[in-house]
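Chains B and L supply the protein sequences, listed in that same order.
Take 13 as the starting number for the first sequence in our numbering and just add one per residue.
Take 13 as the starting number for the second sequence in our numbering and just add one per residue.
Idealized CB from N, CA, C, for every residue including glycine.
None of these values were measured; they are calculated from a predicted model.
Protein chains: 2
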Amino acid sequence: MEPAEIALTPTDPALSYEELELAFRNRGMPLEAMRYDITPTGMHYLLIHWDIPDLDLSAWRLSVGGAVDRPIELTLDDLRRRPAVTMPVTMECAGNGRARFSPRPEGQPWLHEAIGTAEWTGTPLRHVLEEAGLAEDVVDVVFTGADIGIQGDVRQEYQRSLALEDATREEVLLAYEMNGRPLEPQHGAPLRLLVPGWYGMTSVKWLTRIEALTRPFDGFQQQAAYRMQQGDELGAYVTRMAARALMIPPGITDYPFRRRYLAPGPVSVRGRAWSGYGPIVRVEVGVDGAWSDAKLDEAVGRYAWRGWTFDWDATDGSHELSCRATDEAGNSQPLDQEWNAQGLGNNLVQRVVVHVQR
Amino acid sequence: MEPAEIALTPTDPALSYEELELAFRNRGMPLEAMRYDITPTGMHYLLIHWDIPDLDLSAWRLSVGGAVDRPIELTLDDLRRRPAVTMPVTMECAGNGRARFSPRPEGQPWLHEAIGTAEWTGTPLRHVLEEAGLAEDVVDVVFTGADIGIQGDVRQEYQRSLALEDATREEVLLAYEMNGRPLEPQHGAPLRLLVPGWYGMTSVKWLTRIEALTRPFDGFQQQAAYRMQQGDELGAYVTRMAARALMIPPGITDYPFRRRYLAPGPVSVRGRAWSGYGPIVRVEVGVDGAWSDAKLDEAVGRYAWRGWTFDWDATDGSHELSCRATDEAGNSQPLDQEWNAQGLGNNLVQRVVVHVQR
Chain B
13 MEPAEIALTP TDPALSYEEL ELAFRNRGMP LEAMRYDITP TGMHYLLIHW
63 DIPDLDLSAW RLSVGGAVDR PIELTLDDLR RRPAVTMPVT MECAGNGRAR
113 FSPRPEGQPW LHEAIGTAEW TGTPLRHVLE EAGLAEDVVD VVFTGADIGI
163 QGDVRQEYQR SLALEDATRE EVLLAYEMNG RPLEPQHGAP LRLLVPGWYG
213 MTSVKWLTRI EALTRPFDGF QQQAAYRMQQ GDELGAYVTR MAARALMIPP
263 GITDYPFRRR YLAPGPVSVR GRAWSGYGPI VRVEVGVDGA WSDAKLDEAV
313 GRYAWRGWTF DWDATDGSHE LSCRATDEAG NSQPLDQEWN AQGLGNNLVQ
363 RVVVHVQR
Chain L
13 MEPAEIALTP TDPALSYEEL ELAFRNRGMP LEAMRYDITP TGMHYLLIHW
63 DIPDLDLSAW RLSVGGAVDR PIELTLDDLR RRPAVTMPVT MECAGNGRAR
113 FSPRPEGQPW LHEAIGTAEW TGTPLRHVLE EAGLAEDVVD VVFTGADIGI
163 QGDVRQEYQR SLALEDATRE EVLLAYEMNG RPLEPQHGAP LRLLVPGWYG
213 MTSVKWLTRI EALTRPFDGF QQQAAYRMQQ GDELGAYVTR MAARALMIPP
263 GITDYPFRRR YLAPGPVSVR GRAWSGYGPI VRVEVGVDGA WSDAKLDEAV
313 GRYAWRGWTF DWDATDGSHE LSCRATDEAG NSQPLDQEWN AQGLGNNLVQ
363 RVVVHVQR
């Protein structure tokens with residue numbers, strides 16, 4: 013079924029062994045897992061900057077301090093006794109698509125697969141902040157994880173902040189369960205922040221400290237990393253997930269080329285779409301560049317992806333399928349993506365070549 | 013803390029985008045997960061040749077036929093009503109270490125991380141075979157998964173066989189639970205074969221058919237793939253896991269280089285070791301090429317890895333740590349590994365460079 017001579021397409025610049033090590037540690041979701049509303053825990057994407065920390069869960073506490081009236085310290089049981097919320101949330105890495113930029117920025121070399129949708133259970137952050145009593149002049153709330161490493165010449169704990177108005181949104185959780193079970197270590201056990209609608213770097217894992225600041229937070233991961241950098245210009249901050257649709261590549265595949273083959277005739281092309289800026293209102297599917305609307309399912313949740321289906325009558329020959337989402341705010345996806353130095357926010361339209369043959 | 017100019021090490025030949033897609037789908041276990049006796053489900057390695065099949069679990073049946081007296085068909089409930097065995101099993105991909113060969117054979121580009129140890133629950137295969145009544149002249153038993161794809165120009169179901177004497181060993185299970193829960197789709201739901209001590213390709217996922225043959229099985233995955241190939245010479249069959257020790261790289265790391273830094277003084281270097289040919293009896297740790305014995309823990313199980321610890325007094329400067337295992341049968345690990353075309357069975361000694369500084 014295959015042409016005799018096929019070449020694999022070399023990465024440009026050549027992927028390094030170090031980046032390959034990152035790729036194996038930091039797992040993608042196989043795209044066919046979009047057939048499940050909720051991603052099985054072992055298929056959800058992972059991005060861990062350094063190592064998974066070796067936490068003593070019996071000694072673990074969450075401290076809430078800084079510019080507050082009443083600093084508090086909470087055990088996991090304290091958190092579990094608070095009001096619990098369970099909700100499906102789609103999460104995506106800000107670097108998803110990094111290796112599809114040209115030239116390829118160095119670092120975790122995601123193609124398309126840094127996504128997942130889990131049912132997260134936790135307690136709303138804002139009630140905990142209210143209990144601690146934020147000072148009137150608080151501007152940022154800083155979240156510190158137990159993971160330690162070096163990045164950009166800086167030895168650091170992993171830290172990200174949210175502006176006060178984002179930190180106190182009702183959907184922001186302190187999450188201790190994923191898909192009905194305690195968090196596995198790689199997902200931040202025993203507790204992580206969960207910020208629905210935002211790229212994953214915001215949802216700090218292995219959370220140990222929350223501190224209220226009366227000045228803007230100036231940490232590395234907030235000010236140097238996660239910026240739409242061009243040369244020396246750090247550029248805009250990366251925050252919410254850009255609108256995106258992805259399809260499950262139809263047909264069957266070959267190893268190791270991952271080409272797609274299917275028989276001519278009716279085929280139901282399926283996928284998911286999401287945006288951090290509002291509900292998805294439209295998904296279009298392109299067949300060799302001609303676009304048509306896909307049929308939309310109900311969204312899995314307010315902050316979770318929406319399924320879509322496109323009925324295609326596949327004809328003999330090779331075809332390029334593509335898909336793009338539009339959200340309620342009118343955001344859609346580019347056919348050509350502007351490059352940035354950190355390889356962030358790439359929501360370039362996905363293209364899948366399929367070979368239709370009897 | 014970092015030298016000003018550091019270059020990442022390019023893959024040779026350059027890794028392809030297709031292989032990178034494989035790397036994200038086929039997940040490695042972060043080596044620090046060796047701190048857990050049992051690998052959390054979401055960190056166990058995965059190797060899926062093509063796509064995860066879309067099975068209708070309500071319609072799923074296991075058929076047992078071929079050269080048997082009484083062909084049978086079993087539901088999952090039928091299998092769950094049979095005697096159950098739970099045991100920890102260490103599993104490794106036969107291609108683990110493929111990208112460490114030079115030149116790098118094409119395909120799933122594992123470095124070290126294609127391992128994991130889970131608690132598997134299932135029912136012994138041999139009782140099911142006895143119930144079906146194997147003909148006297150059976151030589152091979154063939155296991156077929158529901159995954160379909162193309163490899164080596166052959167469109168195929170995934171199929172592997174075991175010789176009669178291997179198929180009827182008491183430790184071979186039809187497994188329906190992993191770590192106390194039903195299999196997740198990517199691990200073969202609803203049922204997989206589990207062959208302790210063998211490389212993972214033998215433990216067929218999404219199992220649908222078992223057939224007894226009175227002639228040797230000649231399927232692609234049995235006769236063409238998984239051979240220690242040199243040029244046109246297909247070479248020996250790959251079967252049981254070679255002896256191997258791996259260490260958790262000590263200290264902290266930097267992104268994206270994955271270099272290791274630690275402070276001078278006592279450090280406990282830890283890891284795991286296993287072999288498909290018998291219990292591990294010795295682990296040695298090399299410090300700049302000088303080898304000493306590590307202390308061995310009890311094995312996690314008859315077919316599961318054994319922990320080890322080496323107390324090292326780290327001194328200023330850069331050092332190369334390494335480790336190697338020896339099993340009861342006298343098998344150990346090479347310092348130089350002979351190349352083979354499919355990139356299989358590479359149990360080359362792991363080397364980890366650490367930078368010791370205040």
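When the distance is taken between beta carbons, is Phe36(L) closer than 8 Å to Leu123(B)?
For Leu123(B) and Phe36(L), yes; Cβs fall inside 8 Å.
If we count the other Cβ atoms within 10 Å of its Cβ and call it buried at 16 or more, is Ala341(L) buried or exposed?
Under this definition Ala341(L) is an exposed residue.
Does Ala111(B) have its Cβ less than 8 Å from a Cβ in chain L?
Interface residue, yes.
Is it buried or exposed for Thr251(B), if we count other Cβ within 10 angstroms and need 16 for buried?
Buried is the call here.
With the cut-off set at 8 Å, would you say Val207(B) and Leu176(B) are in Cβ contact?
Going by C-beta atoms, Val207(B) is not nearer than 8 Å to Leu176(B).
Given a threshold of 16 other Cβ atoms within 10 Å of its Cβ, counted over all protein chains shown, does Tyr249(B) qualify as buried or as exposed?
So Tyr249(B) ends up on the exposed side.
Relative to the C-alpha of Gly164(B), which candidate in Gln234(B), Arg112(B), Met99(B) has its C-alpha closest?
Selected option, being the one with the closest Cα: Gln234(B).
Rounding to the nearest angstrom, what Cα-Cα distance links Leu246(L) and Asp244(B) in this structure?
Computed Cα separation, rounded: 54 Å.
Do the segment 174–191 of chain B and the segment 140–152 of chain B meet, that is, are 3 or more Cβ pairs less than 8 Å apart?
Touching, per the Cβ criterion.
Using a 10 Å radius around the Cβ and a threshold of 16 neighbouring Cβ atoms, would you call Glu44(L) buried or exposed?
With 16 or more Cβ atoms within 10 Å of its Cβ, Glu44(L) is classed as buried.
Whose C-beta lies closer than 8 Å to the C-beta of Arg376(L) among residues of the same chain, with five residues either side of it excluded?
Look at the range of chain L in this structure, 13 to 370, and you will see that residue 376(L) is not part of it.
Please state the DSSP three-state secondary structure of Pro197(L).
Correct three-state label for Pro197(L): helix.
Using DSSP's beta-bridge definition, name the partner residues of Pro100(B).
Bridge partners of Pro100(B): Glu131(B).
Quick test of your reading: Leu185(L) and Val97(L), contact by CB under 8 Å. State the CB separation rounded to the nearest angstrom.
Leu185(L) to Val97(L), Cβ: 6 Å. Contact.
How close, in whole Å, do the beta carbons of Ile260(L) and Met46(L) come, if the pair is a contact with beta carbons under 8 Å?
Yes, Ile260(L) and Met46(L) are in contact; Cβ-Cβ is about 5 Å, under 8 Å.
Taking C-beta to C-beta, are Val366(B) and Gln345(B) nearer than 8 Å?
Not closer than 8 Å, so no.
Tyr267(L) lies in the beta strand (DSSP E); which residues open and close that run?
Tyr267(L) -> beta strand (DSSP E) spans 264–267.
What would DSSP say about Met13(B), mapped onto helix, strand or coil?
Reliability of the predicted coordinates at Met13(B) is poor, the pLDDT of 39 falling under 50, and the value obtained from them is presented with this limitation in mind. It is coil, neither helix nor strand.
Pull the bridge partners of Met259(B) from the DSSP assignment, please.
DSSP, once it has assigned bridges, lists Gly283(B) as partnering Met259(B).
Output the distance between the C-alpha atoms of Gly319(L) and Ser334(L), rounded to the nearest integer angstrom.
If I take the Cα positions, the gap works out to 15 Å.
Would Trp210(B) pass as a contact of Ile264(L) if the rule is Cβ separation under 8 Å?
No, they are not a contact pair.
Using DSSP with H/G/I as helix, E/B as strand and the rest coil, what is Glu143(L)?
Three-state result, Glu143(L): helix.
Which partner residues does Gly329(B) have in the DSSP bridge list?
Its beta-bridge partners are Val368(B).
Whose C-alpha, out of Asp325(B), Val368(B), Ala201(B), Ala257(B), is nearest the C-alpha of Gly128(B)?
Nearest option by C-alpha distance: Ala257(B).
Using 10 angstroms around the beta-carbon of Arg336(L), count the other beta-carbons present and answer buried if the total reaches 16, otherwise exposed.
Its Cβ being crowded by 16 or more others within 10 Å, Arg336(L) is buried.
Which residue's Cα is closest to the Cα of Pro22(B): Arg110(L), Gly107(L), Glu118(L), Tyr48(L)?
For Pro22(B), the nearest C-alpha among the options comes from Glu118(L).
Are the beta-carbon atoms of Asp339(B) and Pro278(B) separated by less than 8 Å?
In this structure, Pro278(B) does not lie closer than 8 Å to Asp339(B) by Cβ.
Pick helix, strand or coil for Phe232(L), following the three-state DSSP scheme.
In the structure shown, Phe232(L) sits in a helix (DSSP, three-state: H, G or I).
What do you get for Glu30(B), buried or exposed, if any count of 16 or more other CB atoms within 10 angstroms of its CB means buried?
Buried, because 16 or more other Cβ atoms sit within 10 Å of the Cβ of Glu30(B).
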